[in-house]
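Chains Y and R, in that order, are what the protein sequence lines are.
Residue 132 in our numbering sits at position 132 of the first sequence, and the numbers go up by one each step.
Residue 45 in our numbering sits at position 45 of the second sequence, and the numbers go up by one each step.
C-beta: ideal position from N, C-alpha, C; glycine also.
In this text the structure is predicted, and so the values were computed from the model without any measurement.
There are 2 protein chains.
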Amino acid sequence: MAQETGAARRTPLNRERVLRAAVDLADRVGIEALSMRGLAQDLGVVPMALYKHVANKEQLLDGMVDVLVGEIDPPADGPDWKSAVRRRVLSARRALLGHPWASRVIETRTSPTPGVLAYLDSVIGMFRAGGLSADLTHHAMHALGSRIWGFTQELFPAPPATAADTSDTSEQAAALAALAAHYPHIAEIAAGRPHDGDSVVGAGCDDAFEFEFALDLLLDGVERLHQRGWTSVDRPQEERTW
Amino acid sequence: MAQETGAARRTPLNRERVLRAAVDLADRVGIEALSMRGLAQDLGVVPMALYKHVANKEQLLDGMVDVLVGEIDPPADGPDWKSAVRRRVLSARRALLGHPWASRVIETRTSPTPGVLAYLDSVIGMFRAGGLSADLTHHAMHALGSRIWGFTQELFPAPPATAADTSDTSEQAAALAALAAHYPHIAEIAAGRPHDGDSVVGAGCDDAFEFEFALDLLLDGVERLHQRGWTSVDRPQEERTW
DNA sequence: AGCAAGAGGTGTACGGCGTACACCTTCAGG
DNA sequence: CCTGAAGGTGTACGCCGTACACCTCTTGCT
C-alpha cells in the first residue's frame, strides 16, 4: 500500500491488453476507423505509448488476427476426416463471425502469423490423417481458400440499398422493380429468398446456409476425388473442356 | 490553330482519362500507395482538379473496378451452361489478372457498381438459360463467391519468405527445415509442389491450376445437384452430420 | 542505503493523406 | 459583347502513422 502514492497507479499496459482493446475498438467503430490515436485514447494513454508494445500498425493488425485465431477450437477427432474438418471450420466461423473486419484483415496480411500457420497446419493434418494424399490435400486447401476461416465471401455487402433500412415493404417492392428493369436475373434471385431479415438491411440471404452449402459442395467434391484415387496428373483430359 | 495560344493547350481531363490513369498508377505502385495527390501529379494537374470528375476517392475506386469489369468478354453461348460459365469466368480472370489490387478493391466496395451488377446478372442468366432453378442458381452464385471474378483467394500472399528472393536452393532448404520443425504438414505440402517459379518469390503453386481445380470442383458439384433435382429443402438431412 | 539500468509513458514534430471552399480562366451560345 | 458554366488552382484544415528525445518509475545489485 505504500506503493499507491497519490492517485491510484494504473496497471501497466502489455501487448495482450493492447491487442484486446484493438479488437474491441474495431468491433465498435469498424476497421477503417481504427487508429493508433483512437486506440490510445481508449486505453487512457498517449499514442506513442502503444509503440512500446507493438512495432507498428501492421503488427497490431497481425496481433489482432492472432487473438481471434487463438479462439478457434482445437481439432477434435471425429468418425471421418470430412466431418472433422467441417466441424473445425464451423468453429473458426463461430470465432470470427462477430468480427466482420476479420476477413479483410486476414486477407491483407503480407505474411502469416504463427497462429495462422498453426491453424492451417492442423487443418492440413486433419486431411492427411484421413488418408488424403499430400497432393490432393494441397489442392483442397487452395480450393477452400478463405473459406477455411468460415467466411462467406460476399460478392458485395448489400444489394443496391436504395432506400435506407425502411421496413416499408411497398418501398422495397418498388426498389426491386427498378432493379428488375436493368438486371432481371438478379431481381429474380433477390425476390426468391423471402428476406430472412436477421442480418443488416435486406441482405436477404441466410448466411449460415450459404456458407455450409458451399463448404459441403467443396468437401463432397474432394471426397469423391479421393475415393477415385485422383492425382494431379489426371487433370489434362478435363482441361480441354473448352 | 488560333486556339493554341502560348504553350500547347492541354486536352482537358475527363472521367475516363482519370480512371484509366488511376488503374495505371495502381498497377505501378500498388493500391495502398495510390493517392489522389499522386494521381494528380501523374496527370500533370493539381489534386483538387480530380474532384471535378470523381466525387471522392471511394468513387474513384468504384470507377476503376468498372473499367476492369468492362473488359470481361461478353457471354458466348456454348454447348452447355457449365462450359459457358467456365469460359466466362476464365475471361474475367484474364481481365483482372494483371491487376493484383482488383480483388481487394472489389471486396471493399460498399455497394456494387452498374458494371458489376451487369456482369453478375449475365452470369446468373447463363445458369438460368442452362435450366438451373433460381433457387440452385442463387446458392451456386454464393458458393462461387469472389471466384466469379477469377481470383484464387490466397490464404496468404507468400510463405514466411524468410530470406528474400534468393535463388539459393540450399537457403530455401534450410528455411523449409525450420518451417517443418513447427508446422510439419505445411512443410510437407510446400515441399511437394516443385516450385514453378513463374510468380513472385516461391509461392510454389501453379495459380492457374489451383483456380481451375476449385472452379471445376464447384461447377461439377452444382451440376450434380442440378441433375438430381436438388432444392434447398433437401438440406436438413445433411445438416445434422455433426 | 545508494545507485545504475531498463521498462514504460510523454510531448513535440514531421510529412503525408483526403478534401472543403473560394477563386480564377477559358470559351460556347444568346 | 455578355454571361454562365465547365474546368483548373491555391490555400487551409484536420486527420493519420510514427521518429526522436525526454522523463519517471521500479527493480536488483552492491
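Item                                                                                                                                                                         : Value
Beta-carbon of L132 (chain R) versus every beta-carbon of chain Y: anything under 8 Å?                                                                                       : no
What would DSSP say about E16 (chain Y), mapped onto helix, strand or coil?                                                                                                  : helix
Name the residues in the region 115-127 of chain Y whose C-beta lies less than 8 Å from a C-beta of chain R; which are they?                                                 : V116, L117, A118, L120, D121, S122, I124 and G125
Given this structure, state the Cα-to-Cα distance separating K57 (chain R) from T108 (chain R), to the nearest angstrom.                                                     : 13 Å
Would the beta-carbon of D42 (chain Y) fall within 8 Å of that of L60 (chain Y)?                                                                                             : no
Tell whether a beta-carbon distance below 8 Å holds between T113 (chain R) and V65 (chain R).                                                                                : yes
Is the distance from the Cβ of E99 (chain R) to the Cβ of L120 (chain R) below 8 Å?                                                                                          : Glu is not the amino acid found at residue 99 (chain R); the sequence shown has His there. No, they are not a contact pair.
Spatial neighbours of L144 (chain Y) within its chain, please: CB distance less than 7 Å, with the 5 preceding and 5 following residues excluded, ordered by chain position. : L218
From R87 (chain Y) to R94 (chain Y), what distance separates their C-alpha atoms?                                                                                            : 10 Å
With the cut-off set at 8 Å, would you say M126 (chain R) and A92 (chain R) are in Cβ contact?                                                                               : no
Would you say A140 (chain Y) and V222 (chain Y) are within 8 Å of each other, going by their C-beta atoms?                                                                   : yes
Should T231 (chain Y) go down as buried or exposed, given a rule of 16 or more other Cβ atoms within 10 Å for buried?                                                        : exposed
Any beta-carbon of chain R closer than 8 Å to the one on A143 (chain Y)?                                                                                                     : yes
From what residue to what residue does the alpha helix (DSSP H) around T137 (chain Y) run?                                                                                   : A134 to L144
List, in order along the chain, the chain Y residues whose C-beta lies closer than 9 Å to that of R104 (chain R)?                                                            : R104, E107 and T108
Taking only beta-carbon positions, decide if G70 (chain Y) is within less than 8 Å of chain R.                                                                               : no
Where do the ends of the alpha helix (DSSP H) carrying H185 (chain Y) lie?                                                                                                   : P184 to G192
Within 8 Å (strictly less), CB to CB, does L218 (chain R) reach chain Y?                                                                                                     : yes
Give a yes or no on whether the C-beta atoms belonging to T152 (chain R) and I189 (chain Y) are separated by under 8 Å.                                                      : no
Which residue spans inside the region 201-235 of chain R form an unbroken alpha helix (DSSP H) run of at least 4?                                                            : 207-227
Under 8 Å between the Cβ atoms of R147 (chain R) and H185 (chain Y)?                                                                                                         : no
Assign T11 (chain Y) to one of three DSSP states: helix, strand, or coil.                                                                                                    : coil
Roughly how many angstroms lie between the CA atoms of R28 (chain R) and G78 (chain Y), to the nearest whole one?                                                            : 49 Å
Is the beta carbon of A118 (chain Y) less than 8 Å from the beta carbon of Y183 (chain R)?                                                                                   : yes
By the criterion of Cβ-Cβ separation under 8 Å, what are the contact partners of T152 (chain Y) in chain R?                                                                  : H142 and G145
Just the Cα atoms here: how many angstroms apart are I124 (chain Y) and A181 (chain R)?                                                                                      : 15 Å
Verify the CB distance criterion: does A214 (chain Y) have a CB-CB separation below 8 Å to chain R?                                                                          : yes
To the nearest angstrom, how far is it from the Cα of L19 (chain Y) to the Cα of I72 (chain Y)?                                                                              : 17 Å
To the nearest angstrom, how far is the alpha carbon of V90 (chain Y) from that of G150 (chain Y)?                                                                           : Reading off the sequence, residue 90 (chain Y) comes out as Leu, not Val. If I take the Cα positions, the gap works out to 6 Å.
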